[in-house]
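Below: one structure, written as C-alpha cells.
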C-alpha cells in the first residue's frame, strides 16, 4: 500500500495546470512508494479556484494560502504564483514544516533568494524549484553524454530563448496571464522568465559562470495596465543578450526576446567540445543533435537522435520507440524524481540553493546591462 | 454535476495503457458533460490485471470478458485484445447493449468485419475504432485544409510506415507483446498492423480507393514461437508495398515494413494537389509541412507549421504556442470526440462501418500480393 | 604538354550548356593528360548554333551532324539531341571511329539500344551515357559505403523523382525545351526522362532488377503542339510508379511525376540494409544521410553528412570543407572520369552496354503499365 | 565584338583559384559587353605561378607585382595576397590607373583602410572588395525582401560563423594556407577573417552599427611557426563574440570561432522584423528560410525557399528550377556585377569606401575586447 503524499497547490494558472497534470500522471507511469494526492488548491478567487479544483480533482479549496499552510493534512506546498510572492509563501511554508516546490525563478533577486535558501535550509524540508527543462529526456541525455566525458574540453556554449508574443503594442500588462509584463510582479522581463531557464540548464551542463556582459532593451515603452486601466511605463526588459565566460574556460553567448517573429518558444542550446558537440531545440524537444569527431571521417555528420528508445532517460516509462512525448512530461519526470529523492533521502535538483546560483547570474546580467560593463557573478 | 461514463477495459497491453491514460486525462482538458470512470479492467491473468487496475485506478477487475459484458454498471466496452478476438467480444458487447470501442484493425478480414458492422448496427450502440492518428492535431489540420478545398484536384498520394524492430531473426513470435508476429492472432503482418493506419488516414483525406496492386515479403521465414517453444514458419508479411488508384483519379504508392533500418515508427503521408501539397511525419508529429503554389513566386516554399497554436485543432485545450504535445494525446482527443459525439448524437468517426472500408482495402492488398495482379476493392 | 581531345557537340539546349561548362572547367580542376578542346558545335539552326559556339568558345560550327562526324579533327561526338535521334547519330559516329558520349536515355527502347550497343562495340570506340547523378559526390559516397559492405543484406530500396512544371494545361508540347512532352521525340514521359535516372542509380547501387509492376497516368490528355499549332493528344506518361524486386532479394518502390506540387526536381533514394541505411536528396545534393545501427544505442541517429571534405569523392579537387558545389559539377566529374578512363584504358561507366540495362527496365515498366501485370525484365 | 577586359591576378592560393574560375565562367553565363581575358598571373615563386597560370590559362606570368602594375595590357589588378600586403599593392595599382579588386578584409585596420580609400578615390578607378556572400542568390534575395519593406521595424539581428579546423594544437601557424593563423600577416584571427563577412552582410542588410561590446579568446596560446620553425606565441583571436546596437534600433549578437566542433563553415544570419523574419545558412546556401506573420494563422510557418527559380536573383542565368549552384558562383556573380557596373558607370558594391565601414566595426570589436567595455564605432 502506497503512502499518500498530499499536495497543496497555490495558483491555478498555466503552471498550476502543468503541475496538476504531472501529479495526476506520475503514479501511472513511475514506480514510487508514495501515492500523490491532490489535497487542496488555493487562490484568492473562490469561484475560480473551485472550478480549478473540480477540474483537476483536488479534494478541497482554500482562498488564503496561510490557511493552506496551517493544514495538517498537507505535505507539500507547490507555489505557482507570481515571482513577487515566492519568498513570503516559501518561507512560511518551510517554517510550517512543509516540503516546498517553487516555480522559477526562485526569487525577485539574489539577496531575496539567499534569504529563502537560509529559511528553507534552516527548516530542513525537502525543496525544489521547477526548472523543468532539465528533465526533457533529450536534455537529460545531453547531461549524461557530458558527464561521460564525451565532449572533452569545452570551448563554447550558446543558448537562446526566442518568442514573439508581445510584438503587438496593444497587448496590455498586468493581471491574469500578463503579470509577466508587469515589473512589479515579475521582477524582470525575459531575463527572469526565459533566460533563467537557459542559465539553469547551462550551469547544470557546463558549470559556473564567472562574469557576464549584457544589454537589454524595452521595445514597447508603454502599455496599458489591466489593473489600473491606465497606460503605464513598461518596466521589464523585452530583450536581453549577454556574453559570458564560464569557469571551465569556455565562452558563451545568450539571448532572449519576445520580439523574434516566427519563434513561439524557441529555446535552443549548443555546446562545442574538443571531441564532440551537442545541440537541442525546444520546438523539437524529442530530438538531440550530436556530432562526434571520433566518428570515421567520411561518414561523420550531425546525428539526429530521436530520443524515444527505452534506454533513453525516462523513455522506458512511456510508449514504444518512435513515439514522442511532449512538453508536459518534463513536469511528470520532475515530480517522479522529487518523490523518489524524498524516499531515498537524496534530494532532486535543482533545490533552492542550486536555483539561487541562477539568481546571482540574473542579478549580474541586469546590473551589467544597466551599467554597460562586465560584471562578476556573485558566489554564495 | 457530470454524468458518469463507466469504462470496462479488456486487455492491459500497450493499447490498454494508452487508452487508460486517455480516459484519465480527458476530463482535465476537455469540457464534457460526462465524467469518465474507470470502472473495471478485464484479462485472463488475475494477477496481471489486478496490477494493471491498481496502477491506473480501475475500481474493479474481471478475468472473463463475458462477465464484464454482463455487468450493469458498465457503459462502454473497450477492446484492446489481439485481432482474432475482436469479433466475438464486440458482437457480444453490442448484443448486451454496450457502447463498443475496438482497437484497430477492426477484424481479421472484410467478411468478418461486415458481420461485426451488422451486429453493431443492429444493436444500435455507439461504436468507434481506434485509428488514433486522425486526431494528431497536424493530421486533423491536414483534413481541414483539404476540406477547405485548398489543394484543388489531387494528383498523388503517398504514404509509408517504416519500422526496424524485427530485423533480428532471434526475435520470437507469439505471446505478450509479440502476438503481432503470429499470423493466427494478428491475421497479417505489417498490412493489418501498419498499413491499416495509412489506409484509414488516406480514405479519410482522399476518399475511396478503387483498385490496388501489391507485393509482400517475409524476410525471416521461421521464428521460434513463444507458446510452443518450437521454431515455426512465420505466416505474416514482414513488408508490403502497393500501388493504387483512388476514385478521385489520383495515383498512390503505399509501403510498410519492419525492416527499414533507422526508422522506428516513420509513418509519413503526402498529398499533391493542383494548388497545394501537404506532408506529415509521425517522427515529428507536431509539425505539418504545407506548400501553396498561390504564394508569391520568389517567397514560395514548403512551410513548416509548428502545430501548437490555440487555433490549431485541439491545441487550444493544452499548453501555449510552441509547446508540443505527443503521441498519447491523439487518444485523449479520440475519447473527447467520442464522448462529445455521444452527447450530441453525432457519432465520432471512424465507426465500425467506416473502419470496414479499410478492411476491404486490406483484403484486396493481400489478395493482390498473393495472386500477383491488380485487384478491385470491394464496396460494402 | 597535354594532348588535345577535340569535342564535337551536337545540340545547344540545356544539356549542351551543361556539357560545355563541364568541358571548359575540367582541366582547371582535374589533372589529366589531355586538354579538352571545344572544336565544333553542331545544330540545324545556323544562327543559334553560331551564338552558342561564340558563347562557349567552340572554334567552329556545323549545321549537319553528318559533316561533323566526317571531320578528322574531331575526337569525341557528344549527342545532346532528342532521344529519337540518338541511334542514328551514335551509330554513324561509332562507324566513323569517334568516341561517343550520348545523353540519356540511351535509346527509344531496349531493342534500339541493343543495336546501338552492337554498333558501338563493333566499332570499339570509347563510349559513355550521361547518367550524371552517379557523380554527385554524395551519391558516389553512397556507392563507396555500399561497396565496403556497410549495409549488410539489403531489404528495401525506394526512389522517386518529383517535379511540378507541367501542371498547367496551357503548357504546349513539342519544340525547343518542350520536346520532352512530345512522345514522338521523347519516346515516353517521366519514365524515360526521370525514372531512367532513378533506375541507373539503383542498378549501380543495388544490382539487377528482376521484375516490375507499374502504373502510368497522363493527367492532361491534350496539349497544343508547338510545331503543328494544333491541340493534339498527349502521348507521354505524366506520372509513373512501380513496384519491383531486385535480384538480391530486396523490394522496391519507384515513382516519378511532373504533377507533384512543391517539388522542382526532388530526386531521392533510400536503401535500407540489415546494418545501415542511406538516404539522398537532389534538392540538397551536397548532403548524405546515413544511419548505422552499430553506433552505440543512446547516440544512434541519422547522420547528416555535409559531403564537402577533402576525403569525400571528388571534393579534394574543389574548395575547402563546408563549401558546397552544385548540380553542374556532376558533369565535370563525368568528363574527368571519361578522359581518365580513356587514358588508362579503363572505360568510365555507364557505357552503352551498362545504360542498355536501364533501357530494358524502362521497357518492362511501360509494358507492365500497359498490360496491368508484373513483367520480367529482359536480360541482354 | 566584345571588348577585352584584361585581368592581372596577384596570388595563386584559395582565392586566386576562386577568382580565376569566376573569370573563366562569367562570359558563358552573363551577357556582358566585355570579354574577360586572363592576361597575367603574378607571384614571387616563379615555378608555382607558372603552374597556376598554365592551369587556368593565364597568358603570361610575373614574379614582381610592381612589374605587373606597370604593364599597359592590364586593366584590372586583383589582389589575392595576405592582408598585410593589400594597402601597398592597391595604392600602387590605383596610382597606375588600374581598376582594383581586393580580397577582404580591405586592410589591417581602419586607419590603413582609410588611406586606401583616399588613394583609390583620388585615382578615380573602379574598385571593389570581395565580400562574395552578398551574391549568394539566397542572400541577395534576402536583401530584396528587406528593401521591399517586408520586415517592418527590425528588432533583432544575429549572425555567427563557426568553423572547427584549428582545434588541433599541432597545426602550425604561418606560410602557405596557414597565414591566417599568423597575426603579422592576417592582422587578426576570426575577427578579420570570418566576422568581416558577417559584418559586411549585416551592414548591407540592416544598416550601420553604432556600438559594440566584444570578447575574444585564443585557446591555443602557442603554435609552431612554419617560417621560423619555432614554437611562437599565437597573436590572433581564435574566437570572438560581440553584442551590438544598430542605428535602426535593433539589437544583435555576433559570434565567430574556429573551435566549434562539427561546423566546417557555418555562416548563418537571422533578422527578426515586426512582420517577417529571414534566416540563411552557408551550409545550405541555396535555401532561404522566410517567415511572414501576415500569412493566415493556421498555415503560418517558416518557408524553406529553394532559391533555384528563374525569378530568383542570378538564377535565371544558370540551370533549371530545383538544381542548385554552389559556393563558387557567388564570385561569378560578383565579377558579372562589377563588369556590368563598369559598363554602366554604376559601380558594384562593396567598393573600398563601403568595405571601410566593416573595417571600422572590426577596429571597434578588437578595441572593445581588449578594453572590456562598449566601444562606439567610428564613422568615416
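Chains as they are written, first to last, in our numbering: chain A, 258 to 637; chain B, 258 to 637; chain C, 258 to 637; chain D, 258 to 637. Every residue, glycine too, gets a C-beta built ideally from N, C-alpha and C. The model shown is predicted, which means the values in this text are computed figures rather than measured ones.
Residue i: CB within 8 Å of a non-hydrogen atom of the ligand MN
i	result
residue 352 of chain B	What this structure holds is no ligand at all, so the ligand MN is not there to describe.
Straight-line gap, residue i to residue j (C-alpha atoms, nearest Å)
i	j	result
residue 457 of chain A	residue 327 of chain B	56 Å
residue 287 of chain C	residue 617 of chain B	59 Å
residue 512 of chain D	residue 474 of chain D	12 Å
residue 549 of chain C	residue 337 of chain A	45 Å
residue 445 of chain B	residue 623 of chain B	9 Å
residue 366 of chain A	residue 372 of chain A	10 Å
residue 470 of chain D	residue 629 of chain D	8 Å
residue 551 of chain A	residue 627 of chain D	35 Å
residue 228 of chain A	residue 453 of chain D	The structure shown does not extend to residue 228 of chain A, since chain A spans only 258 to 637, so no value can be given for it.
residue 317 of chain D	residue 397 of chain D	35 Å
residue 447 of chain A	residue 633 of chain D	26 Å
residue 487 of chain C	residue 291 of chain C	49 Å
residue 280 of chain B	residue 279 of chain A	15 Å
Proximity below 9 Å, CB of residue i to CB of residue j
i	j	result
residue 377 of chain D	residue 462 of chain D	no
residue 395 of chain C	residue 613 of chain C	no
residue 523 of chain C	residue 414 of chain C	no
residue 422 of chain A	residue 515 of chain A	yes
residue 542 of chain C	residue 565 of chain C	no
residue 609 of chain C	residue 385 of chain C	yes
residue 553 of chain A	residue 408 of chain A	no
residue 593 of chain B	residue 358 of chain B	no
Sequence-distant residues of the same chain with beta carbon closer than 6 Å to residue i, five excluded per side
i	result
residue 489 of chain B	482
residue 480 of chain B	429, 430, 491
residue 392 of chain B	587, 590, 591
Contact set for residue i: own chain, Cβ-Cβ below 7 Å, skip 5 residues either direction
i	result
residue 369 of chain A	344
residue 276 of chain D	266, 335, 337, 588
Candidates the options: closest to residue i by CA position
i	options	result
residue 519 of chain A	B:532, B:560, B:317	B:560
residue 354 of chain C	C:364, C:331, C:374	C:331
residue 533 of chain A	C:536, C:534, C:517, C:556	C:556
residue 433 of chain C	C:484, C:342, C:440	C:484
residue 600 of chain A	A:356, A:310, A:311, A:308	A:356
residue 501 of chain D	D:455, D:375, D:387	D:455
residue 517 of chain A	D:529, D:510, D:506	D:529
residue 417 of chain A	A:282, A:583, A:536, A:607	A:536
residue 598 of chain D	D:573, D:364, D:383	D:383
residue 450 of chain B	B:279, B:364, B:294	B:364
residue 311 of chain D	C:312, C:284, C:620	C:284
Close beta carbons around residue i, own chain, < 8 Å, minus the five adjacent residues each side
i	result
residue 411 of chain A	463, 503, 505, 506, 507, 528, 529, 530, 531
residue 206 of chain B	Since the first residue shown for chain B is 258 and the last is 637, residue 206 of chain B is missing from the structure and cannot be characterised.
residue 306 of chain A	269, 298, 299, 300, 318, 319, 320
Measuring CB atoms only, is the region 523-540 of chain D touching the region 491-499 of chain A, in the sense that at least three cross pairs come out at less than 8 Å? no
Specify whether the region 296-305 of chain A and the region 263-271 of chain A touch according to this definition: at least 3 beta carbon pairs, one from each stretch, less than 8 Å apart. yes
Contacting positions in the region 578-590 of chain A - beta carbon closer than 9 Å to chain E: Among the chains of the structure shown, chain E does not appear; the protein chains present are A, B, C and D.
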